[in-house]
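Taking my numbering, the leading residue of the sequence shown gets 47, the next gets one more, and so forth. Idealized CB from N, CA, C, for every residue including glycine. Model, not experiment: these values are computed from the prediction. Some notes on the structure that comes next.
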Amino acid sequence: MNNFWTRSVQYIKGVGPYKGNLLTKLGIFTIGDLLEHYPRRYEDRSQLKMINCLSDGQMETFKGKVIGTVESKPRRGLTIIKVSVGDGTGIAQLVWFNQPHMKKKYQPGMEVIVSGKIKIFYQVEVTNPEVEIINGGEVLDTGRILPIYAASENINQRFLRVIINQVLKDDPEIDEILSNRIIEHYSLLNRKLAFENIHSPQNMEILERARRRLVFEELYLLQCSLLFLKKQQRSHHVGIKHGFDDSLSVQALGALPFTLTNDQQKVLSEVKCDMEDVTTMQRLVQGDVGSGKTVIAALALVKTVENGYQGAMMVPTEILAGQHYRTLSELFTPLGISVSVLTGKLTRRAHEQVLSKLKEGLVDVVIGTHALIQDAVEFKQLGLVITDEQHRFGVRQRGILQEKGNRPDVLVMTATPIPRTMALTVYGDLDVSSIRQLPPGRKPIKTFVRGSNRRQLVYQFIVDEVNKGRQAYVVCPLVEESEKIDAQSAVELYEQLMQTDLKNIRCGLVHGKMKAADKEAVMNAFYSGEIKVLVATTVIEVGVNVPNATVMVIEGAERFGLAQLHQLRGRIGRGECQSYCILCSDNKNPETQERLAIMTKTNDGFILAEEDLKLRGPGQFFGTRQHGLPDLKIADIISDLSILMEAKNAAEQTIAIPDEFRSIRVSLNQRFGQDIGMITGN
Ligand code: ADP
Ligand code: MG
Numbered sequence: 047m048n049n050f051w052t053r054s055v056q057y058i059k060g061v062g063p064y065k066g067n068l069l070t071k072l073g074i075f076t077i078g079d080l081l082e083h084y085p086r087r088y089e090d091r092s093q094l095k096m097i098n099c100l101s102d103g104q105m106e107t108f109k110g111k112v113i114g115t116v117e118s119k120p121r122r123g124l125t126i127i128k129v130s131v132g133d134g135t136g137i138a139q140l141v142w143f144n145q146p147h148m149k150k151k152y153q154p155g156m157e158v159i160v161s162g163k164i165k166i167f168y169q170v171e172v173t174n175p176e177v178e179i180i181n182g183g184e185v186l187d188t189g190r191i192l193p194i195y196a197a198s199e200n201i202n203q204r205f206l207r208v209i210i211n212q213v214l215k216d217d218p219e220i221d222e223i224l225s226n227r228i229i230e231h232y233s234l235l236n237r238k239l240a241f242e243n244i245h246s247p248q249n250m251e252i253l254e255r256a257r258r259r260l261v262f263e264e265l266y267l268l269q270c271s272l273l274f275l276k277k278q279q280r281s282h283h284v285g286i287k288h289g290f291d292d293s294l295s296v297q298a299l300g301a302l303p304f305t306l307t308n309d310q311q312k313v314l315s316e317v318k319c320d321m322e323d324v325t326t327m328q329r330l331v332q333g334d335v336g337s338g339k340t341v342i343a344a345l346a347l348v349k350t351v352e353n354g355y356q357g358a359m360m361v362p363t364e365i366l367a368g369q370h371y372r373t374l375s376e377l378f379t380p381l382g383i384s385v386s387v388l389t390g391k392l393t394r395r396a397h398e399q400v401l402s403k404l405k406e407g408l409v410d411v412v413i414g415t416h417a418l419i420q421d422a423v424e425f426k427q428l429g430l431v432i433t434d435e436q437h438r439f440g441v442r443q444r445g446i447l448q449e450k451g452n453r454p455d456v457l458v459m460t461a462t463p464i465p466r467t468m469a470l471t472v473y474g475d476l477d478v479s480s481i482r483q484l485p486p487g488r489k490p491i492k493t494f495v496r497g498s499n500r501r502q503l504v505y506q507f508i509v510d511e512v513n514k515g516r517q518a519y520v521v522c523p524l525v526e527e528s529e530k531i532d533a534q535s536a537v538e539l540y541e542q543l544m545q546t547d548l549k550n551i552r553c554g555l556v557h558g559k560m561k562a563a564d565k566e567a568v569m570n571a572f573y574s575g576e577i578k579v580l581v582a583t584t585v586i587e588v589g590v591n592v593p594n595a596t597v598m599v600i601e602g603a604e605r606f607g608l609a610q611l612h613q614l615r616g617r618i619g620r621g622e623c624q625s626y627c628i629l630c631s632d633n634k635n636p637e638t639q640e641r642l643a644i645m646t647k648t649n650d651g652f653i654l655a656e657e658d659l660k661l662r663g664p665g666q667f668f669g670t671r672q673h674g675l676p677d678l679k680i681a682d683i684i685s686d687l688s689i690l691m692e693a694k695n696a697a698e699q700t701i702a703i704p705d706e707f708r709s710i711r712v713s714l715n716q717r718f719g720q721d722i723g724m725i726t727g728n
């Protein structure tokens, strides 16, 4: 792409270094970023209404003259400004609370265009309207379909609109990147027109076409990247051919404290089949939380060790690494299989020891966090790599681990269910196995929603369960996507509970900002049953397995998406006793209540995923992020599924036409290189 696209936004007229810096907080560094800062939604302000034709409860736009302003202070701390605007057919009141500066802003005689939600009750009122003052100049915000952007405190809608308009007005060099063949075959709008109309649509019809073009482009580039990756992986025909099960595998199976469910058996045989084949395994195992994926991983690891190879398992958190280490050691040590852990928290010396053992082949299996994909990690003979909770990793990270061996088999595991057709498309490069059945003897978890008026009862319930010998989790509300703030709120909740409801109970606290050693000490005390109640942030969301824990209280439950609530709830219901999940929320928003109510009706992740599709709440199941795919800027892999299929077809053709593939390589690297891998060579 040309350098216009990568030029800093600072140089746009009206931006400069100060505003430029504020824009970076929205992820906007370059002109390309700005143009790809797509509107979240639109408001149709192309229709101006007369005041006497406005309808109650509707978002509408009208034009008029300011008549006068009245300020009132009905009580202390409350200032109301009312500006009356007339257009000859009627008068409307624009209302602001505690914004005294509005009084000076609007002078009688000014012409304004007003948009907002209309309330008709004795008179026409609009609270907190958007107002544009017409100074005889250009009208930017009205009389058109208005884009609404993700903005911030310091960068408002209007500023974004102005600078994007500025860029588009200067006849920017937006080069076409798709081949003529594709443009024609899929009747796509050209690239420049698409950018112009996504930000400043002439009408709804062209907006739709602009969006389709840009969605297509994004999904096409994604598919090209994934297909290229797949082609590269499959082109090494000769991977590792593991032998049929030998004594170690048989012993391991016999040593399990339970028999495998039918689904586990089926998935295990699919995995083994792949491993025994000479082509490299690229398999995804999906199974709901608690469905027993770990044992599949364990048996696959045994198989690779039995064949003289090493195995590596990567997990997203230290807590989970520690837990898997414990589970696997129990099974492996009697079989003479050595296991090590590699995480960021090891001392330098211990770290180096593990590295040298791995390199010399003195360790059979290693379990680790991201520390596993550092450059310094080398293996003697890597035969199998596993990523657990793969939705927490990106495609690229999986690739790096794999490259540490000579075409090892690859197994990825996820608890985020996805319909099969979509999995094949989204995971372009993987085969999929599913475990749908839970191990026998589990009692379905009972889930309740409770308001803070019953908070004491909720905590009394925890005390009762603890007195019966059980354990509990209390998850504190997710504040922001910031570990630091979450940590603070966990500390506060912990201290408050220790002084009040849980003062006679042994409690522990874990959050992401704690030192690794402290975290581990608390987790160990919880595993051993010494700590009865664990107050935590979402660090416990993945993997943690304490079958004796039977209560999960989630504070501020409305802040979590269904997927996350389901993951959290998956920490309980792992043993024989009845488990209870209590979602605490005072939120009265009907959509939120509906979302929480669904949790009380089912424990099935696949059903929840379907419901999520209908509701699309925060942190949706079907966001790309839930699947470890790069963030998409405009496409939505669910609602744009039909475009996704087209884009996939187009990408398959492109991959087969060397010239065409070469011509989009720069675009691919620019868009997805970081996340999926740079494409080099010819
Ligand atoms: P997940 O799929 O969420 O990773 P785990 O592998 O942690 O689930 O398994 C959850 C629990 O179920 C563990 O305590 C495990 O020992 C137990 N488990 C797994 N498979 C079976 C089975 N076939 N029968 C009984 N318990 C099982
Ligand atoms: Mg697991």
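Given a cut-off of 8 angstroms on the beta-carbon distance, is the pair residue i and residue j in contact?
{"i": "Glu364", "j": "Asp292", "result": "no"}
{"i": "Leu654", "j": "Thr648", "result": "yes"}
{"i": "Gln212", "j": "Lys59", "result": "yes"}
{"i": "Leu43", "j": "Ser337", "result": "Given a span of 47 to 728 for the chain in the structure shown, any question on residue 43 remains unanswerable."}
{"i": "Val411", "j": "Leu374", "result": "yes"}
{"i": "Ser625", "j": "Gly616", "result": "no"}
{"i": "Gln427", "j": "Gly407", "result": "yes"}
{"i": "Tyr88", "j": "Ile252", "result": "no"}
{"i": "Met148", "j": "Val129", "result": "yes"}
{"i": "Thr307", "j": "Asp455", "result": "no"}
{"i": "Leu265", "j": "Thr460", "result": "no"}
Decide if residue i is buried, meaning its Cβ has at least 16 other Cβ atoms within 10 Å, or exposed.
{"i": "His612", "result": "buried"}
{"i": "Tyr355", "result": "buried"}
{"i": "Gly663", "result": "The predicted position of Gly663 is uncertain, since its pLDDT is 48 and thus under 50; no value can be drawn from it."}
{"i": "Ile166", "result": "exposed"}
{"i": "Arg91", "result": "buried"}
{"i": "Gln332", "result": "buried"}
{"i": "Cys553", "result": "buried"}
{"i": "Gly110", "result": "buried"}
{"i": "Thr698", "result": "A small fix is needed here, since residue 698 is Glu in this sequence, not Thr. When all chains shown are included, Glu698 counts as exposed."}
{"i": "Lys318", "result": "buried"}
{"i": "Phe304", "result": "exposed"}
{"i": "Val284", "result": "exposed"}
{"i": "Pro634", "result": "One point to set straight first is that residue 634 is Lys, not Pro, in the sequence displayed. When all chains shown are included, Lys634 counts as exposed."}
Per DSSP, which residues does residue i bridge with? Please list them.
{"i": "Gln169", "result": "Phe167"}
{"i": "Pro193", "result": "Tyr88"}
{"i": "Thr298", "result": "A quick correction: the sequence has Ala, not Thr, at residue 298. Note: Ala298 sits in no beta bridge, so no partner."}
{"i": "Thr305", "result": "The partner list for Thr305 (beta bridge, DSSP) is empty, contrary to what the question assumes."}
{"i": "Val556", "result": "Ala582"}
{"i": "Gln139", "result": "Ser130 and Glu171"}
{"i": "Phe494", "result": "Ile628"}
{"i": "Ala595", "result": "Gln517"}
{"i": "Asp477", "result": "Arg329"}
{"i": "Met459", "result": "Val331"}
{"i": "Met105", "result": "Lys163"}
Helix, strand or coil: which one does DSSP assign to residue i?
{"i": "Pro636", "result": "helix"}
{"i": "Gly719", "result": "helix"}
{"i": "Arg227", "result": "helix"}
{"i": "Ala358", "result": "strand"}
{"i": "Met96", "result": "coil"}
{"i": "Lys318", "result": "helix"}
{"i": "Pro120", "result": "strand"}
{"i": "Lys111", "result": "strand"}
{"i": "Gly665", "result": "In this prediction, Gly665 scores a pLDDT of 48, lower than 50, which makes its location untrustworthy; the coordinate-derived value is nonetheless stated afterwards. Note: Gly665 maps to coil in three-state DSSP."}
{"i": "Val158", "result": "strand"}
Quick one: Cα of residue i to Cα of residue j, how far?
{"i": "Lys559", "j": "Thr583", "result": "10 angstroms"}
{"i": "Gln145", "j": "Val158", "result": "18 angstroms"}
{"i": "Ile201", "j": "Arg86", "result": "15 angstroms"}
{"i": "Lys277", "j": "Ala396", "result": "39 angstroms"}
{"i": "Thr70", "j": "Arg259", "result": "26 angstroms"}
{"i": "Phe494", "j": "Asp510", "result": "17 angstroms"}
{"i": "Lys403", "j": "Ile286", "result": "22 angstroms"}
{"i": "Ser198", "j": "Ile191", "result": "21 angstroms"}
{"i": "Gly665", "j": "Gln534", "result": "Note that Gly665 scores 48 on pLDDT, short of 50, meaning its location in the model is unreliable; the coordinates nonetheless yield the value given after this. Whole-angstrom Cα-Cα distance: 22 angstroms."}
{"i": "Val458", "j": "Trp51", "result": "37 angstroms"}
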